[in-house]
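Going letter by letter, the sequence shown gives residues 0 to 434 in numbering that gives the first Met the number 0. Virtual Cβ for every residue (Gly too), placed ideally from N, Cα, C.
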Amino acid sequence: MTAARKAYRASIIHSIGDPAEVGLEASYEYFEDGLLVVTDGQIESVGDAGILLAHLPHGTEVVEYDDALLMPGFIDTHIHYPQTGMIASYGEQLLDWLNNYTFPAEKAFSDPAHADEVAEIFLNELLRNGTTTALVFGTVHKASVDAFFSAADKRNLRMIAGKVLMDRNAPDYLTDTAESGYRDSRELIERWHGKGRLHYAVTPRFAPTSSDEQLAAAGQLLQEYEGLYMHTHLSENRDEVEWVKSLFPQCSGYLDVYDHFNLLSERSVFAHGIHLCDDECKRLAETGSAVAFCPTSNLFLGSGLFNLPKMEQHKVHVGLGTDVGAGTSFSILQTLNEAYKVMQLQGAKLNPFKSLYLATLGGARALRLDDRIGSFASGNDADFVVLDYNATQLMQYRMQQAKTLDEKLFVLMMLGDDRTVRETFAAGQSVHRRG
Ligand SMILES: [Zn+2]
């Protein structure tokens with residue numbers, strides 16, 4: 000059997016370390032005329048085309064991209080697929096936004112046909128934007144997760160998702176019980192966790208909508224199965240933080256509620272984490288938990304400004320999240336654009352190489368998947384994206400003035416969106432090509 004080998008020639012960049020730890024220059028590899036060699040859906044090698052082409056077995060197909068930058072696929076560490084149809088809903092902050100928009104939209108996912116339809120639209124949108132892995136909320140309905148995983152499996156994507164656990168403080172039509180939530184989660188785990196490139200996440204919506212019994216059952220699930228994720232929200236909005244305090248007076252703070260029920264682990268990802276004290280950051284770091292930074296959502300819902308330097312100081316893993324539908328774009332490039340502004344408003348900078356890290360390797364590390372995705376290390380999944388420097392007339396003109404790599408990267412991140420994504424690959428297969 001000969002291996003199915005294919006090579007891709009373009010400018011190539013990938014992150015190899017966190018700039019906060021290794022410095023900017025040592026944080027990435029860049030090949031102006033690069034070659035990525037893919038064998039059987041995995042990365043074989045990456046390097047200068049001049050060197051690698053000479054060693055390529057005779058007859059290997061080489062695909063060439065001009066004026067393009069090839070990099071690992073983007074990683075979205077927090078997003079809600081059932082909210083695809085309610086993105087851009089006007090006028091509320093978190094708690095009213097949930098009641099007025101989110102819960103009614105999620106109700107429709109009791110219908111498997113609706114769930115199937117939205118799962119397809121959602122995955123098309125992710126791939127159109129160059130996102131190859133996401134950590135995804137379903138709804139409370141088992142059918143929502145079946146629909147999502149079966150659509151992701153058909154395309155052989157590396158995806159993580161779970162059924163929402165929610166047994167109080169939500170409309171009757173959208174609640175489970177501690178017992179049914181546990182049972183349904185088990186059934187989904189047995190069916191999907193470890194199938195193809197899929198992983199399951201135990202997914203309590205957030206502390207206010209789960210009883211003590213349900214949070215305890217979530218902790219129990221994490222003990223019962225290897226490699227499960229825990230995915231929820233944390234300290235997004237000041238009213239929410241106060242509400243949690245009043246619901247759990249025995250706990251010292253919001254994070255402590257999750258800690259109390261053994262929900263902090265190396266595979267725990269908390270969306271937002273805007274209003275955290277130093278002790279909470281310390282505890283996140285100690286337990287290896289990660290936080291998803293969701294700038295477009297945080298600005299849209301007026302939740303607050305995420306303090307990335309504080310997370311770096313405490314060595315907390317951080318990934319980037321779009322948080323659609325509170326987030327206003329599926330594009331990780333647009334998310335980096337807003338992340339940059341969130342940092343500016345706090346007198347801090349977001350260097351384009353740090354942005355590259357957050358969008359790829361940093362996300363992979365937050366998800367404990369950096370031995371599979373996030374960089375072009377040999378043996379990794381061949382999930383990658385080809386970005387077009389000339390995607391729009393303005394970008395083309397602006398790129399003519401750009402002198403350095405970091406300047407070009409920054410322009411991609413400020414002006415780029417789905418139009419910038421020329422092609423997206425998952426496990427070596429093309430899964431989106433711009434029309
Ligand atoms: Zn969210």
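For residue i, the residue or residues it bridges with in DSSP
{"i": "I15", "result": "DSSP, once it has assigned bridges, lists no residue as partnering I15."}
{"i": "K5", "result": "V37, E60"}
{"i": "I74", "result": "T132"}
{"i": "F292", "result": "L319"}
{"i": "T231", "result": "F269"}
{"i": "Q392", "result": "DSSP lists no partner for Q392."}
{"i": "V45", "result": "L35"}
{"i": "H79", "result": "F136"}
{"i": "S10", "result": "L68"}
Which of helix, strand or coil DSSP assigns to residue i
{"i": "S267", "result": "strand"}
{"i": "A160", "result": "strand"}
{"i": "D110", "result": "coil"}
{"i": "E91", "result": "coil"}
{"i": "A381", "result": "coil"}
{"i": "Y253", "result": "helix"}
{"i": "L126", "result": "helix"}
{"i": "M0", "result": "Model confidence at M0 stands at a pLDDT of 49, short of 50, so the residue's coordinates are unreliable; what they give is reported in the following sentence. Coil."}
{"i": "S435", "result": "Not covered by the structure: residue 435. The range shown for the chain is 0 to 434."}
{"i": "E31", "result": "strand"}
{"i": "I331", "result": "helix"}
{"i": "E223", "result": "helix"}
{"i": "D66", "result": "strand"}
{"i": "D387", "result": "strand"}
{"i": "G362", "result": "helix"}
{"i": "A338", "result": "helix"}
{"i": "P170", "result": "coil"}
{"i": "G373", "result": "coil"}
{"i": "R367", "result": "coil"}
{"i": "Q343", "result": "helix"}
{"i": "H259", "result": "helix"}
{"i": "A118", "result": "helix"}
{"i": "G218", "result": "helix"}
{"i": "L97", "result": "helix"}
{"i": "L304", "result": "coil"}
{"i": "A104", "result": "helix"}
Terminal residues of the alpha helix (DSSP H) in which residue i lies
{"i": "H54", "result": "48-54"}
{"i": "R282", "result": "277-286"}
{"i": "S354", "result": "351-358"}
{"i": "Q312", "result": "307-312"}
{"i": "S149", "result": "141-153"}
{"i": "R237", "result": "237-246"}
{"i": "S179", "result": "177-191"}
{"i": "K407", "result": "404-414"}
Boundaries of the beta strand (DSSP E) in which residue i is found, first to last residue
{"i": "V323", "result": "Unbroken run through V323: none, as it is neither H nor E."}
{"i": "T423", "result": "420-425"}
{"i": "Y199", "result": "197-203"}
{"i": "S429", "result": "428-432"}
Residue environment, residue i, which counts as buried when at least 16 other CB atoms sit within 10 Å
{"i": "C276", "result": "exposed"}
{"i": "Q82", "result": "buried"}
{"i": "A48", "result": "buried"}
{"i": "Q395", "result": "exposed"}
{"i": "G318", "result": "buried"}
{"i": "R432", "result": "exposed"}
{"i": "I435", "result": "Here the chain has residues from 0 to 434 only, and residue 435 is not among them."}
{"i": "K348", "result": "exposed"}
{"i": "P207", "result": "buried"}
{"i": "H198", "result": "buried"}
{"i": "I78", "result": "buried"}
{"i": "A358", "result": "buried"}
{"i": "Q399", "result": "exposed"}
{"i": "S296", "result": "buried"}
{"i": "G434", "result": "exposed"}
{"i": "S377", "result": "exposed"}
{"i": "K353", "result": "buried"}
{"i": "S429", "result": "exposed"}
Residue i at chain D interface by Cβ criterion, 8 Å
{"i": "D47", "result": "The chain labelled as chain D is not found in the depicted structure, where only one protein chain is given."}
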